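Below is one structure, written out as structure tokens, with a few remarks after it.
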Amino acid sequence: MDCKAHKFQHYQTDSYYFSSGRHSQTFVETVKLFCERCGDLKETTRTAFCGYTDYHKLPDWAKSITNRAWHLDA
228 MDCKAHKFQH
238 YQTDSYYFSS
248 GRHSQTFVET
258 VKLFCERCGD
268 LKETTRTAFC
278 GYTDYHKLPD
288 WAKSITNRAW
298 HLDA
């Protein structure tokens, strides 16, 4: 069904990090939303790359991620 004015609600957030090199990590956060009027799903993803000495430069959302995805490690 098509609706003219979507009203998206938060559905699920998945966040993880993985090693993307010898001294670097990549942080990923995926937010899933659904429209309560028509049932459409929307997904937004943001990533942040961090070298060994650049951890302090990460945004707060990336610093809060503690779930490591071992199967994605380089």
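Converting from the sequence shown to our numbering requires adding 227 to each position, the first position being numbered 1. Note that beta-carbon positions come from the ideal geometry of N, C-alpha and C, so glycine has one too. For clarity, every value in this text was computed on a predicted model and none was experimentally measured.
Inter-residue spacing [alpha-carbon to alpha-carbon] between residue i and residue j
{"i": "K259", "j": "S291", "result": "18 Å"}
{"i": "K269", "j": "A232", "result": "14 Å"}
{"i": "R264", "j": "H237", "result": "13 Å"}
{"i": "S246", "j": "K284", "result": "17 Å"}
{"i": "Y282", "j": "T274", "result": "14 Å"}
{"i": "Y243", "j": "C262", "result": "25 Å"}
{"i": "G248", "j": "A296", "result": "14 Å"}
{"i": "H298", "j": "Q239", "result": "21 Å"}
Beta-carbon spacing of residue i, residue j below 8 Å
{"i": "T257", "j": "D241", "result": "yes"}
{"i": "T253", "j": "F276", "result": "yes"}
{"i": "T272", "j": "V255", "result": "yes"}
Where the beta strand (DSSP E) through residue i begins and ends
{"i": "A275", "result": "L268 to G278"}
{"i": "K259", "result": "S251 to C262"}
Close Cβ partners of residue i (< 6 Å) along its chain, the five nearest in sequence each way excluded
{"i": "Y279", "result": "H250"}
Proximal residues to residue i (C-beta, below 7 Å), its chain only, five neighbours per side dropped
{"i": "D300", "result": "F245 and S246"}
N- and C-terminal bounds of the alpha helix (DSSP H) containing residue i
{"i": "K234", "result": "Neither: K234 is in no alpha helix (DSSP H) and is coded neither H nor E."}
{"i": "W288", "result": "D287 to K290"}
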